[in-house]
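J.: Every number in the working numbering is 16 more than the matching position in the first sequence, counting from 1. Cβ atoms here follow ideal geometry from the backbone N, Cα and C, with glycine treated the same way. Computed from a predicted structure; not experimentally measured. Please find one structure pasted underneath; my questions will follow.
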Amino acid sequence: MAAEYHYDPAEIEPRWQRVWADEGTWEVTNDSDDPREASYVLVMLPYPSGEPHIGHLKVYSVGDAVAHFHRRTGRRVLNPMGYDAFGLPAENHAIKTGQHPRDSTEAAIAEFQRQFRQWGLSIDWTREFGTHEPRVYRWTQWIFLELFKNGLAYQKQAAVNWDPVEETVLANEQVVDGRGERSGALVEVRQLTQWFFRITDYADRLLEDLDTIRWPEHVKTMQRNWIGRSTGAEVVFRCEDLGVDYPVFTTRPDTLFGATFFVLAPEHPDVLRLAAGTEHEDAVRAYVNRALTADTQLRGDVDKEKTGVPLGRTVTNPVNGEQLPMYVADYVLMEYGTGAIMAVPAHDERDFAFAQAFDLEVRQVIEAPPDTELPYAGDGPLMNCGPELDGKHNREALEEILRWLDREGKGHASVNYRLRDWLISRQRYWGTPIPIIHCPACGAVPVPVADLPVVLPDVEDYKPRGRSPLAAAEDWVRVACPQCGGPAERETDTMDTFVDSSWYFLRYCDAHNDEAAWDPAAVAMWMPVDQYIGGVEHAILHLMYARFFTKALADLGHLPPEIQEPFAALFTQGMILRDGDKMSKNKGNVVSPKTIVERYGADTARAYILFIGPPDQDADWSDSGLEGMWRFLGRLWRNAAEAAAELPDHPPPDELGEDDERLLRKANWAIDKVTADMSERFNFNTAIAAVMELLNEITPAKRGDAAPGVVRFALSTAASLLFPFAPHTATDAYHLLTGERVWEQPWPDADPAWLESDTFELVCQVNGKVRDRVVAPTSASREELLALCRAAPKLGSYLDGHEVVKEVVVPGKLVNIVVR
RNA sequence: GCCCGGGUGGCCGAAUGGCAUAGGCGGGCGGUCUUAAAAACCGCUGCUCGCAAGAGCGUGCGGGUUCGAAUCCCGCCCCGGGCACCA
């Protein structure tokens, strides 16, 4: 090919980006007269720090491919961008350098904006915002107040997770294996008064509605496990000495007759009172002190030996009146159930371990299969439960016992959840201020909506000192109570940044509204998000919180009631690794998108990252793989440029030759393949491979005598199909060939006539092994196919002298002759 | 321990009951261009045996179902992820 056709992305890419920017090509209005179907394609908003990394390049390449495909298949697409701008890294940076977090964050945002434009992303930039802008967090505060006024935001004193490094409390979801998610520091338990959102009210709906959304199954499973719904019963055990009732939660009321002891958590408020005056008082006090100060990580270890101390008291088993000895032990958790359990060592592993350690009775009440050792947690007929129950299947007996407990007032059916309320206050500076005023006379008073936003004041010292840095802004803190006018103080904690990201997708629908957080009509037009894309690391935190917000806001009448879920479909993309390792500055194995885009152009980078493998899986970065994509895009563009310049622009001839037909068939096959890969799954890698195959057929060496019009059609089809992955190169190639703008063209339709052929290659098998291939007419009957196969040249020696046992014919594919 | 994924040429991967290895990368061989080399571009290339024609082998391991298995079933091994004293 002539050398004068030189692929130059440095010239091509900015040229088209300018057209898109000048014409506002990717902007959409909220005009409800637009007849096209609305499609909301959203990638999780980035946390702006430093500059974009390779993960950003991947996730936005995926999002952009989906957005382009939706547009060209006739939908009008909302594809917005914003920044999750509050958060600890910027604040920690401020502590170190004194630079205001706003300044470092906005510098990062500027760099993200610059690179996103360089990547040619098809974003509607008119809707852009950062969550740190007062015009935005004003409405974050408004949502807080709506939740507060409706009892969904509340303050309580509770044992909370304190991160000693970040010097703030954390939500349960942000504690992983007993350590702060960000800092990695062992979390301490502190009794503090904090703000919570009542997400537990929504546990059942969060669980049930998982069935209504198209999310990866493993993400749904993680959410189900996190919600952790268990059904069972609350049963009351009475301590006669003190005259106090102790309810327990159990999933196995059918094993009540097997209870042989009773355990309270060390944090249980009655522990010391129960032990008082008994011989165990000192031992109990010592045990409780040790348990409360011990490392929460160690305490949670499954393999840890069971420890505990007797309380010297008993409780009455309601079903048989037996007196069960009471213990305090740290394997019982205060946060779950009632902080007390009935122990059934024969049928629970943990109770069994404790009984072994303390030499307590193990009473079997459910028959186990032969050769099964205790503890046995499975089902079976009851035993040792008295004549009325013995022999009954435990599941049946469970219902009966429940009815009996209910009748006697000793218990009732009950449901428990692992999910806890969402702790949202943070003793940190760089976040949305909680719009509450504490008045000695009136209590916690909401800031009047007219006074929003409560603007984050500037402070000198960002370092948290066990309280929020905002507490130092005394002029800001001191304020008149909106209710009584008396002296009062502002709440100085800020909100968890996950609050900001729990509603940002609603704001995109109506980003410039100064009268309200959004116009319900705008939200009704776009929501729910048709395709959400992001990292699987948000499977619980962000994705659960956003679902909760959506349901709560719908309940409060701020969203159309039918919008119960924010994200109708979710795609989670895998990570880009280097030599099998995560990229990190420490390891020095970071690939910078900036370097790649500068050297090869955005299209090579974007298309390569989509071609590297299935996008939901982790993939290993390869520099030479990137070179391969560079060669492919160059080849496509040069072929297009050459054809545009040198082949006459005639329509395909009426009389098609063999090469014309082959090329037309391949082009239509590629249309069909790419369309299926894009609409049914996210198979960008195989879609791009199909365009490569098509191009391989078009190159001058392969195309033979194909007519110019056919070559031009095949090339422009290749460019058209490649557009979602390499928009600049595809646009330029298409424009050279046709003079048209590819993004204004509808997605190509495969012509069914070219998807089929008059003949096919019949595979001829003997005993399941391929022995020959012959050309067969597509219309051939079973008998004709069999005859063709028997006549295949290489089959003779396999059939001669053998008895034919069976013949299998698969039309369009193969014939298998079974011989003996 | 429990629950999900996954294991295919030298490497990334394609194929979800019917031609194993599409597409890409790398190496090798050959070619075009060049005085020559490099670069670029084009072609061939799973393994073993064979001069060749060809034959055999081949999807983590062992069994099974089937005319036919990478694909379905049973039992293992290994890797990744999630959960884990939640009664």
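Under 8 Å, do Y218 and F521 count as touching if we go by C-beta distance?
T.: no
J.: Reducing DSSP to helix, strand and coil, say where G641 ends up.
T.: helix
J.: Mind checking whether F739 and T733 have CB atoms under 8 Å apart?
T.: No. Outside cutoff.
J.: Using only the alpha-carbon positions, how far apart do S517 and G103 sit?
T.: Looking at the two C-alpha atoms, the distance is approximately 11 Å.
J.: Would you mind working out which of R118, W158, E107 sits nearest A532, comparing C-alpha positions?
T.: W158
J.: Mapping DSSP to helix, strand and coil, what is R438?
T.: Checking the displayed sequence, the identity of residue 438 turns out to be Trp instead of Arg. Residue state, collapsed to three classes: strand.
J.: Quick one: what's H428 bridged to in DSSP?
T.: E250, per the DSSP bridge assignment.
J.: Does the stretch 672 to 682 come close enough to the stretch 41 to 57 to have 3 or more Cβ pairs within less than 8 Å?
T.: no
J.: Where does D257 sit, in a helix, a strand or coil, going by DSSP?
T.: coil
J.: Could you pull the DSSP bridge partners for H454 from this structure?
T.: A460, E505
J.: Under a Cβ-count criterion, where at least 16 other Cβ atoms within 10 Å of its own Cβ denotes burial, should A175 be classed as buried or exposed?
T.: exposed
J.: Name the two residues that bound the continuous alpha helix (DSSP H) containing K165.
T.: 150 to 165
J.: Output needed for G66: all residues of its chain with C-beta closer than 7 Å, excluding positions within five of it in sequence on either side, in chain order.
T.: Cβ contact annotation for G66 (same chain, cutoff 7 Å, sequence separation greater than five): A124, in chain order.
J.: For E674, is the classification buried or exposed, using 16 other Cβ atoms within 10 angstroms of its Cβ as the cut-off for buried?
T.: exposed
J.: Should T510 and Y433 be called a contact, given that it needs their Cβ atoms to be closer than 8 Å?
T.: no
J.: Which residue or residues does DSSP assign as beta-bridge partners of M511?
T.: S441
J.: Secondary structure at S199, three-state DSSP: helix, strand or coil?
T.: coil
J.: Report the rounded CA-to-CA distance for G98 versus R523, giving the unit in angstroms.
T.: 10 Å
J.: Tell me the residue span of the alpha helix (DSSP H) that contains I714.
T.: 700 to 714
J.: Given L94, which residues of its chain have a CB within under 6 Å of its CB, disregarding the five upstream and five downstream residues?
T.: V44, Y56, W542
J.: In three-state DSSP terms, what is Y170?
T.: strand
J.: May I have the straight-line CA-CA distance separating K598 from D47, to the nearest angstrom?
T.: 44 Å
J.: Using beta-carbon positions only, say whether H363 and P391 come within less than 8 Å of one another.
T.: yes
J.: Helix, strand or coil for N783 per DSSP?
T.: coil
J.: For the stretch 196 to 208 against the stretch 602 to 621, are there 3 or more C-beta pairs whose distance is under 8 Å?
T.: no
J.: Are the CB atoms of A275 and L421 within a distance shorter than 8 Å?
T.: no
J.: For M350, which option in V205, D257, E709, L804 has the closest C-alpha, if you only look at C-alpha atoms?
T.: V205
J.: When the Cβ atoms of the stretch 488 to 505 are set against those of the stretch 412 to 430, are three or more pairs found closer than 8 Å?
T.: no
J.: Distance check for A585 and E658, CA to CA, integer angstroms please.
T.: In a straight line, the C-alpha of E658 is about 42 Å away from that of A585.
J.: Look at L642 and Y624 and say whether their C-beta atoms are less than 8 Å apart.
T.: yes
J.: Does G79 come out as helix, strand or coil in the three-state DSSP assignment?
T.: helix
J.: State the CB to CB distance for the pair Y635 and G629, rounded to an integer number of angstroms; the pair is presumed to be in contact (CB under 8 Å).
T.: It is worth fixing the name first, because residue 635 is Ala in this sequence and not Tyr. Contact flag correct, Cβ pair sits at about 4 Å.
J.: Assuming N832 is part of the beta strand (DSSP E), what are its boundary residues?
T.: That run of the beta strand (DSSP E) goes 830 to 835.
J.: Considering only the alpha carbon of each residue, which of L593, S484, Q781, A83 lies closest to E823?
T.: Q781
J.: When you compare each of P669, P282, F368, V834 to T354 by their alpha carbons, which one comes out closest?
T.: P282
J.: Do the CB positions of H284 and A356 come within less than 8 Å of each other?
T.: yes
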